[in-house]
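In the numbering used here, the protein residues as written are 342 to 635.
Now the structure itself:
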């Protein structure tokens, strides 16, 4: 791409680099100057303009952005119409964003003319929410740069996709210790059900029991028999060890504890487990609050 000051008389077909004010209006940057535009500029006493011209093999900013965005888009992601060198990728449904951070970085390292930004991996997104954007910095760039970006994006599965949310039947177990008010459990149920509703799930099946291994194990089995596809256990006391009540109950019921602890605050004391194909979550105490956590 050729970029610089051009005599107005030679500017027809060039891309205006900066907006120009004229009496009664203005020409915005990015405008492809026509013969009539050139005449208007000359009549206004303007001798030169800063503009760009494409060279053989160059690709305009909109086409380049659109091609790269199309190569990046996967399931449940729509490619919007490009404008001013930008092309947005939009979620077609509610779901979880899945993306490949390594390839995003590799695309951004191809050339400074290309920028690709995404939301963080595993963000929950809403329909019509922007999940990624491609912006071409100059008015045009070499077609070889676009081709290299496309090659990287097509090396594996689509770079950006949305895994659609699917309703699940959730079982909620709350344990109690002596002296705990029933209102604590009621409020927790309300908070959990609000989160489930936001994800398109029905209210949880619920059981409450004493904070004892045998009682929790019994309720885990009962929830599975009732058809729960995900189990959440909120303990009266936080889990402090794999041998504590809730992890011990998961194993006593025939399940396994896969991991205890998560590097996030609040929410460190999260337990991940499984009973056959059914995920089991031992929730941290902060899950009782409607505030974001975990």
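Glycine included, C-beta positions come from ideal geometry on N, C-alpha and C.
- As the crow flies, the alpha-carbon of residue 470 is around 6 Å from that of residue 431.
- Counting every other CB atom within 10 Å of its CB across the protein chains shown gives residue 399 a total of 16 or more, marking it as buried.
- Bounds of the beta strand (DSSP E) holding residue 600 are 597–601.
- In its chain, beyond the 5 residues on either side, 356 have a beta carbon closer than 6 Å to the beta carbon of residue 373.
- For residue 414, no alpha helix (DSSP H) encloses it, and the DSSP letter there is neither H nor E.
- Secondary structure note for residue 586: its alpha helix (DSSP H) is the uninterrupted segment 586–593.
- A straight-line Cα-Cα distance of about 48 Å links residue 592 and residue 475.
- Around the CB of residue 520, fewer than 16 other CB atoms lie within 10 Å, so the residue is classed as exposed.
- Take residue 508, set aside five residues on each side of it, and the residues of its chain with a beta-carbon closer than 6 Å to its own are 541 and 542, in chain order.
- In the DSSP annotation of this structure, the continuous segment of the alpha helix (DSSP H) that includes residue 524 starts and ends at 523–539.
- Under the Cβ criterion (8 Å, minimum of three pairs), the stretch 404–421 does not count as touching the stretch 383–394.
- By the neighbour-count definition (other C-beta atoms within 10 Å, threshold 16), residue 461 is an exposed residue.
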